[in-house]
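In my numbering, the protein residues as written are 272 to 961.
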């Protein structure tokens, strides 16, 4: 008979967002534990609801395999004293292995004799091994923890029951005052206890008690029910994956239903209505065949359809109250003009150690103008960029954003258009928040992209200067996300921006404009550059760039984000070339020897002693003239072309000459070339194949 094992942890209702990752963690931990204990199995199925985390392990071995192994101990000279008697070290070693000194043998290893004993480990029955899962359960980690009663255990929610069933046998262990059994709990209101006789009847027994234990089956039920309602009403329903996941983890027995609201609320912007339904009430919004929002919604009840009309009425009442608030704020907000909103920002703190929000906008205006100059933004767009930077935070003091904080930027765009701002300015107001997540959408307009980078760069610069630098997992102001946004936008827009030049230039321009904060920005320039380059490292990792190539380009001299990314792509594209190894070896030889230069001088051709020095000098001089305008691909191509000249140079030239002047001349020549190589990256970091 195949051996199967069910483990279920019954809990008070968990937050929806932790259900799926928690059961995935449980599955992984159980699998790791069994493998570490040498228990083989076929596969693990996972189950989860708001009130339970469970796994079924299928086709387990009956027991651990026996192990015969040879264990190495101390050296012979330590195991025996001068008289040939066993030492405490030898006696202790043999006892520790469950043997005696009579079992010791000597074997040579690399010219030294060592003590060895043969050790036989009897495999334990699988039932004894499974009892150790208690420690697996208590070792789980969660984003939030709680205690209950006088207990010391920290867990996501109080544990209410435990099921540990091996075939038909309960595996006994306890956590606090909860002891394992074969009894699970059904739906909180519709079901009763469910006695599980064998692991494979787990799903069936819970279904009888109104619990769909499978996440995937419960999710599919919800999708099918929504699709049926939509088809019956000729509706279009966008099923947001994140909302579907959340709803799936809020219910054990899903029943979808449709409700509605007064069409008068449709004058409110769609984004407000959708936010009210999706984010606040966990409703799926409804559209007609042309994509127009309808005064209807679909929700999912944790239960059956008994008294469903009362449920519908209750949900409609709650939504209507929220829409009434939204209608009020929408109407009231339009009674205030943009200039008045901006004036109010003078009393809104960006951070009490830095400035007001109004002052931040002034700084961002300077940064945006600097970027515009660097990328040669057309004059026609300058006025729109200036206007956007002057007002882009105004909606923060609107009533709507006060009630619906997630709509900042969105309402800024809506209100800007209603008050006569042009579409480019309005779009930039919305886009400056992008991306709002690690892989979120990026701004599509150039003005929006400039404003987004400027706003994020100001935050990173000022928080660093104020001493609020992220450390470890501590990043309360989301500076890592903002720096990642800077990297992604600059790369997406194909902007060539040297970070050091931008920081130094911006600081001077803010001082000149009289908008610099009362903190020392320049003191943290190097730290800011390293911080943003670390986000470039993460970006390249997401692109699956090889680790050594990433190390090379990050540790080079270049502070231009786009150039660093392009350099990584160039090295990736050429890493399998037939001449790649030879090229890298010649270039890294330059780097290694150039690092020995202690006294740099102006290279003097009169000190050259062979033709190869002249050839290298001419090649380096030519490269020096053009390097400022070269792309990463062009720089690599030119370095490849110089590679044979470098090889010829080293074959004919003793760099470390006895004559100090000649040695320094040669080291200085190599240093000049090394600086240009370092712009591509620190090629010493590359791992090249033979």
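For every residue, glycine included, the Cβ atom is placed at its ideal position computed from N, Cα and C. Please read all numbers here as calculations on a predicted model, not as lab measurements.
Opposing strand residues paired with residue i [DSSP bridges]
{"i": "residue 276", "result": "328 and 437"}
{"i": "residue 620", "result": "627"}
{"i": "residue 323", "result": "281 and 320"}
{"i": "residue 445", "result": "450"}
{"i": "residue 962", "result": "This structure does not reach residue 962, given that the chain is present from 272 up to 961, and the question cannot be answered."}
{"i": "residue 564", "result": "558"}
{"i": "residue 782", "result": "According to DSSP, which records beta bridges pairwise, residue 782 is partnered with nothing at all."}
{"i": "residue 432", "result": "281"}
{"i": "residue 386", "result": "377"}
{"i": "residue 315", "result": "328"}
{"i": "residue 426", "result": "417"}
{"i": "residue 885", "result": "Looking at the DSSP assignment, residue 885 forms no beta bridge with any residue, so it has no partner."}
{"i": "residue 526", "result": "572"}
{"i": "residue 531", "result": "567"}
{"i": "residue 392", "result": "338"}
{"i": "residue 742", "result": "745"}
{"i": "residue 931", "result": "Partner(s): none; residue 931 has no beta bridge."}
{"i": "residue 455", "result": "465"}
Top-ranked residue by Cα proximity to residue i, from the options
{"i": "residue 592", "options": "298, 531, 948 and 571", "result": "531"}
{"i": "residue 629", "options": "336, 845, 643 and 610", "result": "610"}
{"i": "residue 945", "options": "863, 916 and 879", "result": "863"}
{"i": "residue 651", "options": "618, 607 and 717", "result": "717"}
{"i": "residue 806", "options": "786, 842 and 760", "result": "760"}
{"i": "residue 303", "options": "400, 933, 942 and 273", "result": "400"}
{"i": "residue 483", "options": "524, 506 and 493", "result": "524"}
{"i": "residue 520", "options": "566, 278 and 486", "result": "486"}
{"i": "residue 820", "options": "845, 831, 802 and 378", "result": "845"}
{"i": "residue 296", "options": "317, 285, 349 and 419", "result": "317"}
{"i": "residue 771", "options": "829, 689 and 725", "result": "829"}
{"i": "residue 513", "options": "614, 289 and 499", "result": "289"}
{"i": "residue 778", "options": "450, 433, 640 and 847", "result": "640"}
{"i": "residue 393", "options": "404, 602 and 339", "result": "339"}
{"i": "residue 668", "options": "306, 469, 335 and 607", "result": "607"}
{"i": "residue 280", "options": "363, 904 and 444", "result": "444"}
{"i": "residue 285", "options": "825, 490, 682 and 319", "result": "319"}
{"i": "residue 451", "options": "564, 403 and 803", "result": "403"}
{"i": "residue 585", "options": "744, 598 and 570", "result": "570"}
{"i": "residue 467", "options": "705, 955 and 278", "result": "278"}
{"i": "residue 837", "options": "934, 858 and 814", "result": "814"}
{"i": "residue 664", "options": "292, 325, 616 and 645", "result": "616"}
{"i": "residue 428", "options": "418, 435, 437 and 436", "result": "418"}
{"i": "residue 642", "options": "728, 705 and 871", "result": "728"}
{"i": "residue 604", "options": "582, 535, 687 and 632", "result": "687"}
{"i": "residue 765", "options": "833, 602 and 692", "result": "833"}
{"i": "residue 529", "options": "682, 507 and 546", "result": "507"}
{"i": "residue 409", "options": "396, 391 and 449", "result": "449"}
{"i": "residue 818", "options": "516, 956 and 859", "result": "956"}
{"i": "residue 326", "options": "750, 839, 352 and 276", "result": "276"}
{"i": "residue 916", "options": "905, 857 and 462", "result": "857"}
{"i": "residue 922", "options": "291, 947 and 884", "result": "884"}
Expected contact under 8 angstroms - CB spacing of residue i and residue j to nearest Å
{"i": "residue 313", "j": "residue 330", "result": "4 angstroms"}
{"i": "residue 600", "j": "residue 548", "result": "About 16 angstroms separates the two Cβ atoms, so there is no contact after all."}
{"i": "residue 458", "j": "residue 480", "result": "6 angstroms"}
{"i": "residue 816", "j": "residue 959", "result": "Their Cβ separation, rounded to whole angstroms, is 16 angstroms, which puts residue 816 and residue 959 out of contact at 8 angstroms."}
{"i": "residue 731", "j": "residue 635", "result": "Wrong, their Cβ atoms sit about 12 angstroms apart, outside the cutoff."}
{"i": "residue 253", "j": "residue 903", "result": "Examination of residue 253 is not possible in this model, given that the chain is present from 272 through 961 alone."}
{"i": "residue 590", "j": "residue 552", "result": "6 angstroms"}
| Are the stretch 748 to 759 and the stretch 705 to 725 touching by the rule of at least three beta carbon pairs closer than 8 angstroms? | Touching, yes, given that three or more Cβ pairs across the two stretches are closer than 8 angstroms.
| task | Go through the stretch 633 to 684 residue by residue and report every complete run of the alpha helix (DSSP H) that reaches 4 residues or more, in order. | result | 650 to 662 and 670 to 674
| field | Uninterrupted alpha helix (DSSP H) stretches inside the stretch 335 to 383 (no shorter than 4 residues) | value | 347 to 350 and 359 to 367
| message | Across the stretch 349 to 358 and the stretch 494 to 507, are there enough close Cβ pairs to call them in contact, namely three or more that are closer than 8 angstroms? | response | No, because fewer than three Cβ pairs between the stretch 349 to 358 and the stretch 494 to 507 fall closer than 8 angstroms, the two stretches do not touch.
| query | Does the pairing of the stretch 382 to 397 with the stretch 341 to 349 give three or more beta-carbon distances under 8 angstroms? | reply | yes
| query | On the three-pair Cβ rule with 8 angstroms, is the stretch 876 to 890 touching the stretch 931 to 943? | reply | yes
| query | What residue ranges within the stretch 458 to 523 form continuous alpha helix (DSSP H) runs of no fewer than 4 residues, ordered along the chain? | reply | 473 to 479, 486 to 504 and 512 to 519
| Three or more C-beta pairs below 8 angstroms linking the stretch 692 to 702 and the stretch 657 to 664 | yes
| query | Are there three or more Cβ pairs, one per stretch, closer than 8 angstroms when the stretch 721 to 738 is compared with the stretch 672 to 680? | reply | no
| request: Quick one: which unbroken beta strand (DSSP E) runs of 3-plus residues sit fully inside the stretch 761 to 845? Chain order, please. | output: none
| said: With three or more beta-carbon pairs closer than 8 angstroms as the criterion, would you say the stretch 618 to 625 touches the stretch 731 to 743? | reply: yes
| request: Report yes or no: do three or more beta-carbon pairs, one from the stretch 539 to 547 and one from the stretch 569 to 580, lie closer than 8 angstroms? | output: Counting C-beta pairs closer than 8 angstroms gives fewer than three between the stretch 539 to 547 and the stretch 569 to 580, which falls short of the contact rule.
| task | Note down, one range per segment and in chain order, each beta strand (DSSP E) of at least 3 residues found wholly within the stretch 845 to 930. | result | none
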